[in-house]
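The sequence shown begins at 0 in numbering that gives the first Met the number 0 and counts up by one.
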Amino acid sequence: MALRPTTPPLNALRAFEAAARLGSFARAADELSVTAGAVSQQVANLEASLGMALFDRNGPKLTLRDAGRAYLPTLRRALDEIEAATLDLVTHGTGERKLVIGALHTIASAWLIPRLNRFQNEYPDIRPVIETLALNFATPDRSPELGSRLLDVGLYFGNGTWPGLKSDKILDEIQVVVAKPGYVAPDRKDDLTALIADHPRLVHTTRPKAWHDWGLAHGVAITGAPGPGFEHFFMLIEAAKAGMGLALLPRVLIEGPLAEGGLEIVCDATLQSDGAYYLITPENRTDRPEARAFRDWVLREAAMGSGALGSP
């Protein structure tokens, strides 16, 4: 007896998924490097085995029926996981304690990587693999864009509530006003209104209201056109270091440039963000020993504060 007697053949499932995603047998055939007739036959066989139609066929145009719409999301996730598992095996092989860590670009480069040697010293048998996460602005909760990747843990920013993920708060985000050392005259540092009026305001384009929130918190009117905009904090950091203007940046992301003299804080007025940085763990990975070890280590590092970056 077959182990999974109701599971259709993989080729039929791939044909249905491609046709549903692309909206036609012809385009699915191009992607799968077969003929349109072969895709159509595979889908017809799948429908016959299921005992229900998945598409309405109107000439070359395909429209998903209710059954097809219900079937597609779970099937797509399963195919994505097969792809990810295969890529993971081919890329990394077996026989090692690997930990895949997803992180937003700047928190990875500014906070995690300078400390990662301490994790390696404490857990020399665990091999960390760092991948980039991106904020998902298409959803109200800005949930992580995990896609089909098999991440064990992640460092992410937001409200800490995302479906399918366990969250541990690690860092608040306190934003400070910074610039290239010497960019702001000493007599302008205590006059917030003059400070803002006399210098370009560099803008994080995914947080366009940050300067106005800062102004409201300190009774400063934010007027005039904003300065250049940048999509990522690492870009904003480099622009401020280059003397392009004032930047409102999370303190946790700029400890390196502050210590090295590439940036200076130009006033005491700060802004605490609504969100914070969290360690996230997919619910199906929380029992992995490597994930538990990393969680314990990250929580200890966060509790230590920002000092001694990179020391063993």
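Where is the CB? At the ideal position from N, CA and C, for every residue including glycine.
Counting pairs of Cβ atoms below 8 Å between the region 271–289 and the region 150–168, do you hit three or more?
-> yes
Own chain, CB closer than 8 Å to K60, minus 5 neighbours either side, in chain order | Translated into positions along the sequence shown, residue 60 becomes position 61. Cβ neighbours of K60 beyond the five flanking positions: G22 and S23.
Have a look at the DSSP bridge pairing and note the partners of Q174.
-> Stepping through the sequence shown from its first residue, residue 174 is reached at position 175. DSSP, once it has assigned bridges, lists P249 and L270 as partnering Q174.
Return the chain-ordered list of same chain residues with a C-beta closer than 6 Å to the C-beta of E130, the five sequence neighbours on each side being excluded.
-> Reading the sequence shown from its first residue, position 131 is the one you call residue 130. For E130, where only same-chain residues beyond five positions count, the Cβ hits under 6 Å are G101.
Can you give me the Cβ contacts of L55 inside the same chain, cut-off strictly under 7 Å, excluding the 5 residues immediately before and after it?
-> Residue 55 sits at position 56 when you count from the first residue of the sequence shown. The residue asked about is misnamed: residue 55 is Asp in this sequence, not Leu. Closer than 7 Å at the Cβ level, and outside the excluded window around D55, lie T62 and R64.
So Y276 and L154 are in contact, right, with Cβ under 8 Å, and what is the actual spacing, rounded?
-> In the sequence shown, the residue the question calls residue 276 occupies position 277. In the sequence shown, the residue the question calls residue 154 occupies position 155. Indeed they touch by this definition, with Cβ atoms about 6 Å apart.
Which listed residue (L247, W110, G242 and Q271) has its alpha carbon closest to that of G260 | By 1-based counting over the sequence shown, the position of residue 260 is 261. The shortest C-alpha separation from G260 is found at G242.
Is G261 near the ligand COA, with its Cβ less than 7 Å from a heavy atom?
-> As for the ligand COA, it is missing from this structure, which has no ligand bound.
What's the C-alpha gap between G181 and T192?
-> By 1-based counting over the sequence shown, the position of residue 181 is 182. By 1-based counting over the sequence shown, the position of residue 192 is 193. In a straight line, the C-alpha of G181 is about 19 Å away from that of T192.
Of all the options W110, P281 and L270, which has the alpha carbon lying nearest to the alpha carbon of V175?
-> Counting from 1 along the sequence shown, the entry for residue 175 is found at position 176. Closest by alpha carbon: L270.
Any chance you could list the alpha helix (DSSP H) runs of at least 4 consecutive residues sitting entirely within the region 21–54, in chain order?
-> 24–31 and 35–49
Could you spell out the range, first to last residue, of the beta strand (DSSP E) harbouring R126?
-> If you number the sequence shown from 1, residue 126 lands on position 127. Looking at the DSSP string, the run of the beta strand (DSSP E) that includes R126 is I125 to L132.
Looking at C-alpha atoms only, which residue of A47, P225 and N116 is the closest neighbour of E300?
-> Counting from 1 along the sequence shown, the entry for residue 300 is found at position 301. Nearest C-alpha to E300: N116.
Residue from A302, I236 and A52 whose Cα sits closest to the Cα of P227 = Counted from its first residue, the sequence shown places residue 227 at position 228. Looking at the Cα atoms, I236 is the closest of the given residues.
Under the three-state DSSP convention, the category N57 falls into = Within the sequence shown, numbered from 1, the residue matching residue 57 stands at position 58. Here N57 sits in strand by DSSP.
Which term fits A220, buried or exposed, when burial requires 16 or more other beta carbons within 10 angstroms of its beta carbon?
-> Working through the sequence shown from its first residue, we reach residue 220 at position 221. Exposed, because fewer than 16 other Cβ atoms sit within 10 Å of the Cβ of A220.
Taking the Cβ atom as the reference point for each residue, do F252 and F229 lie within a distance shorter than 8 Å?
-> Along the sequence shown, read from residue 1 onward, the residue named residue 252 stands at position 253. Along the sequence shown, read from residue 1 onward, the residue named residue 229 stands at position 230. It is worth fixing the name first, because residue 252 is Leu in this sequence and not Phe. Not closer than 8 Å, so no.
Within 10 angstroms of the Cβ of A137, are there 16 or more other Cβ atoms? Answer buried if so, exposed if not.
-> Numbered from 1 along the sequence shown, position 138 holds the residue referred to as residue 137. Per-residue confidence for A137 stands at a pLDDT of 49, beneath the threshold of 50, marking its modelled position as unreliable; the derived number appears in the next sentence. It counts as exposed.
Candidates L132, L262 and I173, of which the one nearest T108 by Cα | Position 109 of the sequence shown, counting from 1, holds the residue named residue 108. Checking the sequence shown, residue 108 turns out to be Ser, not Thr. Considering only alpha carbons, the answer is L132.
In three-state terms, what does DSSP make of A137?
-> Taking the sequence shown and counting its residues from 1, one reaches residue 137 at position 138. In this predicted model, A137 has a pLDDT of only 49, less than 50, meaning its place in the structure is not dependable; the value taken from the coordinates is given anyway. Coil, per DSSP.
Span of the alpha helix (DSSP H) holding R64?
-> For the purposes of this step, residue 64 is taken as the residue at position 65 of the sequence shown. That residue, R64, is in no alpha helix (DSSP H); it is neither H nor E in DSSP.
P281 (DSSP reduced to helix, strand or coil) | Translated into positions along the sequence shown, residue 281 becomes position 282. Note: P281 maps to strand in three-state DSSP.
Is R96 helix, strand or coil when you go by DSSP?
-> Against the sequence shown, residue 96 aligns to sequence position 97. R96: strand per DSSP, three-state reduction.
First through last residue of the alpha helix (DSSP H) which encompasses L154 | Position 155 of the sequence shown, counted from the start, is the residue given in the question as residue 154. No alpha helix (DSSP H) holds L154; the beta strand (DSSP E) holding it covers V152 to G157.
Rounded separation between T280 and R114 - CA only | Looking up residue 280 in the sequence shown gives position 281. Looking up residue 114 in the sequence shown gives position 115. If I take the Cα positions, the gap works out to 20 Å.
For R13, is the classification buried or exposed, using 16 other Cβ atoms within 10 angstroms of its Cβ as the cut-off for buried?
-> To locate residue 13, count along the sequence shown from 1; it is residue 14. So R13 counts as buried.
C-alpha gap between E121 and I106, whole angstroms | Mapped onto the sequence shown, residue 121 falls at position 122. Mapped onto the sequence shown, residue 106 falls at position 107. Going from the Cα of E121 to the Cα of I106 covers about 21 Å.
Would you kindly report the start and end of the unbroken alpha helix (DSSP H) that includes A238?
-> Position 239 of the sequence shown holds residue 238. Segment F232 to K240, the alpha helix (DSSP H) holding A238.
Have a look at the DSSP bridge pairing and note the partners of E217.
-> By 1-based counting over the sequence shown, the position of residue 217 is 218. For clarity, residue 217 is His in the given sequence; the question names Glu instead. Paired residue(s): none; H217 is not in a bridge.
With a threshold of 16 other CB atoms inside 10 Å of the CB of H203, please say whether the residue is buried or exposed.
-> In the sequence shown, the residue the question calls residue 203 occupies position 204. Counting Cβ neighbours within 10 Å, H203 comes out buried, since at least 16 surround it.
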